[in-house]
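These notes concern the structure reproduced below.
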Amino acid sequence: MKLNRLLAGSALALAVGLPGLAAAKVEPSLELVQPLADYKIYISEKLQKLVDDTTAFTAAIEAGELDKAKALYAPTRASYEAVEPVAELFGDLDAAIDARADDFEKREKDPNFTGFHRLEYGLWEKDSTKGLAPVADKLLADVTELQGRVVDLPLPPEKVVGGAADLMNEVAASKISGEEDRYSHSDLWDFQANVDGAEKIFELVEPLVAKDDPAFVQRVSANFKTVDDTLAKYRAGQGFELYDKLSESDRTVLSAAVNTLAEDLATLRGKLGLN
Amino acid sequence: MPRDDSSTSKPFLATDRRRLLLGLGAAAGGTLAGSLCPAQAARAGTTSEAEHVADAPLGTARLQQRQPFHGPHQAGIVTPRPAAGLVAAFDVVVQSPADLERLFRALTVRIAFLTQGGRTPQLDPKLPPADSGILGPEIEPDNLTITVGLGAALFENRPWLRPFKPKHLQRMAGFPNDALDPELCHGDLSIQFCANTPDSNIHALRDLLKNLSDQLVLRWLQDGSVPVVAPAADGEKQSARNLLGFRDGTANPDSGDPATMARVVWVGEANDEPAWARGGSYQVVRIIRMLVESWDRTPLGEQQRIFGRKKVSGAPLDGRTEADVPDYAADPDGRVTPLDSHIRRANPRTPEAREHLILRRPFNYANGVTKSRQLEQGLLFVCYQADLEKGFLTVQGRLDGEPLEEYVKPIGGGYFYALPGVPRPGDYLGRPLVEALAARPSTPS
């Protein structure tokens, strides 16, 4: 069953998901074993929280509690965004959970448009929970499925370490513009979650890089601080202000820091000798 | 690689040999070969001499053409305009004079390399490559110039820079016929790329974005081209045409005459400008959409009256050749050349008009389709002048209300101050401004 599901996934998932292949491709150095184990715990915790939060979020939708559902949307997504590179190893699930309307030719009207953003569209654009129950059911099933698949997933070190740059590329390509959460404008939650996910990966391997390239570590840490400090200006309540509150000058500062983090973190794999 | 049996090993050899002849080495991948279709092979007779769909275009012997980087002025202003241009505007992360110096020095290093050419660093394959690789491992200069300008926003948003703003530098304000798109306007910094091929401009842009990611954030860009025009039968050089089909640049001041350029283009001691700005020039960039479908439905006579020139030859309406100078004194009522025609408004040829000359350096652009399913085409207008008020602002003011407005719509651009040149190796772009900042009386940072 598990194997069938894997085969149904993306080619990428296939390539890295089969233990034999993964083992043949990578030989993690001993010093990476502990960081990888720690990362596995991190994503397990995030995915457990994702399933718990999605359960509450979708229950609110099914109960027709519009305000509660809206309030739970952004914090629920955050756990997904933090581990997105791992989730993206399963292309089918990532599309079902997190695709945006413009991934479909028919946009919002496309029957294959499901997941978080389909619910976001209903909750904000239609201002209603009407008709969303089946989509909510499917989202909960999909995140639960994701959690199950990741349990058995051998984590290729180059995918984990490369995930830090992937997350920053993700921010640079879609979060900085406010197009990800276009109906709810809660992009800054996703932004912070992506950054947290990248920062976690960096922290885990930082001691391994620090001895050879302290200037690199210093620069990356400084840019993470710039991003965190700038986002902190927009904290409100448990989360963040709406995206349109972000000033143009702060957007410029964030863009530069994010692009530079993406450039720097893209070298992390190579610095650790990973292919 | 899927390949038809009738085009086997020989095309590989031919392609490889041509590449060697071009000095490109193994720049292009083997994927280029094997794309010869059977019909072509048959027509070519011998496959070894055949050309292939995906071969790199020939006729690029000018890849080695090089513009000097060092000089009193930046290249790309009075430099003859090559076929490909691109202007990009950026917002910058600059919070202190030290940040500004770091930006200028980094730009200098990259521009010096990109415009002069050379080999790109080859890194450990475990790392992302240092260069995009789109020109291969060896960068040919390809006549590339990179020209850096500063926007009013750079000065105005930073109190410590404000006192150093060139006197006339200002945020571009919309003229009556403009429909400015905020996403296509202004910026802290402009970079104009010009080269024989558009790929060199794209390569240079990507190089700067990668290497200066901590300070440069792209705001908007527009690329364009200049049609290549063969000289006339008598050997006379002819001006290129814009996308309305008219010659553009005919009455430009002589960019080959240093005295004229010193008066028209370069800021010098005669201009009331900060000392650091000497050797620089005001740069105007305007993205001007042309309603080409409507224009193509306009009678030729009306098109010529709107411009004030004959479409085929480029001659003024009272002249025979493009080089002829119109005699407005003999036509005071505009019976031959209408008073509101584009060229007569832009340059009335009076002694006073001499004060308002600008050096135009535009490119044509074609961007695709509008929401109304019309062609999105126009002019990437670029001009340089020593005095923005006397130059572009006065000329554009005279053009306000001209009949041509029915067919053109400026939608973007900005005003920038092109920095003085880098006089010698070891020096860097913008040093006079950095030193002026260091010498300022109070030092808030």
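So the protein sequences, as listed, match chains A and B. 165 is the number that the UniProt record's numbering gives to position 165 of the first sequence; each next residue is one higher, with no gaps. 3 is the number that the UniProt record's numbering gives to position 3 of the second sequence; each next residue is one higher, with no gaps. Each residue gets a CB set at the ideal place from its N, CA and C atoms; glycine is no exception.
Can you give the beta carbon distance from residue i to residue j, rounded, assuming they're within the 8 Å contact cut?
{"i": "B:VAL264", "j": "B:LEU399", "result": "Not a contact, Cβ separation roughly 18 Å."}
{"i": "A:GLU143", "j": "A:LEU50", "result": "Just to set this straight, residue 143 of chain A is Val in the shown sequence, not Glu. Contact flag correct, Cβ pair sits at about 5 Å."}
{"i": "B:ALA378", "j": "B:TRP220", "result": "According to the sequence shown, residue 378 of chain B is Gly rather than Ala. Wrong, their Cβ atoms sit about 14 Å apart, outside the cutoff."}
{"i": "B:GLN65", "j": "B:ASN177", "result": "The Cβ separation is near 38 Å, so there is no contact."}
{"i": "B:THR250", "j": "B:GLU322", "result": "6 Å"}
{"i": "A:LEU89", "j": "A:LYS138", "result": "The Cβ separation is near 20 Å, so there is no contact."}
{"i": "A:ARG107", "j": "A:ALA101", "result": "5 Å"}
{"i": "B:SER225", "j": "B:ALA75", "result": "At roughly 19 Å, the Cβ-Cβ gap does not stay under 8 Å, so B:SER225 and B:ALA75 are not in contact."}
Does the beta carbon of residue i sit closer than 7 Å to a beta carbon anywhere in chain B?
{"i": "A:LEU21", "result": "Only weak support is given to the placement of A:LEU21: the predicted model assigns it a pLDDT of 36, under 50, and the question is left unresolved by the model."}
{"i": "A:ASN112", "result": "no"}
{"i": "A:SER255", "result": "yes"}
{"i": "A:ALA215", "result": "no"}
{"i": "A:ASP164", "result": "Sequence check: residue 164 of chain A is Ala here, not Asp. Chain B, which has no Cβ nearer than 7 Å to the Cβ of A:ALA164, makes this no."}
{"i": "A:ALA172", "result": "no"}
{"i": "A:VAL16", "result": "Caution is warranted here: a pLDDT of 37 is assigned to A:VAL16, below 50, making its placement in the model unreliable, and no coordinate value can be reported."}
{"i": "A:ASN194", "result": "no"}
{"i": "A:ASN275", "result": "yes"}
{"i": "A:ASN169", "result": "no"}
{"i": "A:GLY270", "result": "yes"}
The alpha helix (DSSP H) spanning residue i covers which residue range?
{"i": "A:LYS40", "result": "30 to 62"}
{"i": "A:GLY148", "result": "133 to 151"}
{"i": "B:MET261", "result": "258 to 264"}
{"i": "A:ALA74", "result": "66 to 82"}
{"i": "B:LYS409", "result": "No alpha helix (DSSP H) holds B:LYS409; the beta strand (DSSP E) holding it covers 408 to 418."}
{"i": "B:ASN364", "result": "Segment 363 to 369 is the beta strand (DSSP E) holding B:ASN364; no alpha helix (DSSP H) there."}
{"i": "A:SER221", "result": "214 to 232"}
{"i": "B:TRP295", "result": "292 to 296"}
{"i": "B:GLU435", "result": "431 to 438"}
{"i": "B:GLN377", "result": "Unbroken run through B:GLN377 is the beta strand (DSSP E), 375 to 385; no alpha helix (DSSP H)."}
{"i": "A:TRP189", "result": "187 to 210"}
{"i": "B:GLN303", "result": "300 to 307"}
{"i": "B:VAL395", "result": "394 to 399"}
{"i": "A:VAL161", "result": "157 to 170"}
{"i": "A:ASP244", "result": "Taken as a continuous stretch (DSSP letters only), A:ASP244 belongs to no alpha helix (DSSP H), as it is neither H nor E."}
So, at 7 Å on beta carbons, what are the nonlocal neighbours of residue i in its own chain, with the 5 sequence-adjacent residues on each side left out?
{"i": "B:ALA77", "result": "Contrary to the premise, residue 77 of chain B reads as Ile rather than Ala in this sequence. Cβ within range, chain order: THR147, VAL265, SER281, TYR384 and ALA418."}
{"i": "B:ASP327", "result": "ASP318"}
{"i": "B:SER239", "result": "ARG247, ASP248, GLY249, THR250, GLY314 and GLU322"}
{"i": "B:ASP188", "result": "PHE90, ASP91, VAL92, GLY151, ALA153 and LEU154"}
{"i": "A:LEU140", "result": "THR54, THR55 and THR58"}
Which same chain residues, not among the five before or five after residue i, have their C-beta less than 6 Å away from its C-beta?
{"i": "B:HIS168", "result": "LEU388 and GLU389"}
{"i": "A:LEU7", "result": "Any reading at A:LEU7 is ruled out, since the residue's pLDDT is 35, under 50, leaving its predicted position unreliable."}
{"i": "B:THR31", "result": "Per-residue confidence for B:THR31 stands at a pLDDT of 40, beneath the threshold of 50, marking its modelled position as unreliable; the derived number appears in the next sentence. So the list is empty, once near-sequence residues are dropped."}
{"i": "A:ASN223", "result": "ALA257, THR260 and LEU261"}
{"i": "A:GLU241", "result": "TYR234"}
{"i": "A:ALA78", "result": "TRP189 and ALA193"}
Quick check on this structure: which residue in the options has the alpha carbon closest to the alpha carbon of residue i?
{"i": "A:GLU203", "options": "A:TYR39, A:LEU30 and A:SER29", "result": "A:TYR39"}
{"i": "A:GLN147", "options": "A:PRO111, A:GLU84, A:LYS200 and A:ALA173", "result": "A:GLU84"}
{"i": "B:HIS186", "options": "B:ALA89, B:SER313, B:GLU355 and B:PRO72", "result": "B:ALA89"}
{"i": "A:ARG251", "options": "A:LEU36, A:ALA59, A:GLY273 and A:PHE191", "result": "A:PHE191"}
{"i": "B:ILE202", "options": "B:VAL284, B:PRO72, B:GLY133 and B:ASP318", "result": "B:GLY133"}
{"i": "B:ALA233", "options": "B:SER313, B:ASP214 and B:PRO258", "result": "B:SER313"}
{"i": "B:GLU355", "options": "B:PRO159, B:VAL284 and B:THR260", "result": "B:THR260"}
{"i": "B:PRO362", "options": "B:GLN74, B:GLY71, B:ASP55 and B:ARG81", "result": "B:ARG81"}
{"i": "B:PRO163", "options": "B:TYR428, B:PRO274 and B:GLY334", "result": "B:PRO274"}
{"i": "B:GLU405", "options": "B:LEU380, B:SER294, B:LEU359 and B:ALA330", "result": "B:SER294"}
{"i": "B:PRO410", "options": "B:ILE288, B:LEU127 and B:LYS371", "result": "B:ILE288"}
Which stretch, first to last residue, makes up the beta strand (DSSP E) that contains residue i?
{"i": "B:ILE202", "result": "Where B:ILE202 is concerned, there is no enclosing beta strand (DSSP E), although the alpha helix (DSSP H) it sits in stretches over 198 to 211."}
{"i": "A:ASP250", "result": "Where A:ASP250 is concerned, there is no enclosing beta strand (DSSP E), although the alpha helix (DSSP H) it sits in stretches over 248 to 265."}
{"i": "B:GLY91", "result": "The sequence shown places Asp at residue 91 of chain B, rather than the Gly named in the question. That run of the beta strand (DSSP E) goes 84 to 92."}
{"i": "B:THR145", "result": "145 to 151"}
{"i": "B:ALA195", "result": "189 to 195"}
{"i": "B:ARG219", "result": "216 to 225"}
Give a yes or no on whether 7 Å exceeds the smallest Cβ distance from residue i to chain A.
{"i": "B:GLY23", "result": "Note on B:GLY23: pLDDT 39, under 50, position unreliable in the model; no value is reported."}
{"i": "B:LYS126", "result": "yes"}
{"i": "residue 453 of chain B", "result": "Summary: the structure shown does not reach residue 453 of chain B, with chain B confined to residues 1 through 445, and so no result is reported for it."}
{"i": "B:VAL217", "result": "yes"}
{"i": "B:VAL94", "result": "no"}
{"i": "B:ASP99", "result": "no"}
{"i": "B:ASP207", "result": "no"}
{"i": "B:ASP91", "result": "yes"}
If the cut is a Cβ gap below 7 Å, which residues of chain C does residue i touch?
{"i": "A:GLU263", "result": "Absent here is chain C; the protein component of the structure consists of chains A and B."}
Within its chain, find whatever has a CB closer than 8 Å to the CB of residue i; leave out the 5 residues flanking it on each side and keep chain order.
{"i": "A:VAL209", "result": "PHE216, VAL217, LEU268, LYS271 and LEU272"}
Below 6 Å, is the gap between the Cβ of residue i and the nearest heavy atom of the ligand NAP?
{"i": "A:GLN147", "result": "The ligand NAP is not among the ligands present in this structure, which contains no ligands whatsoever."}
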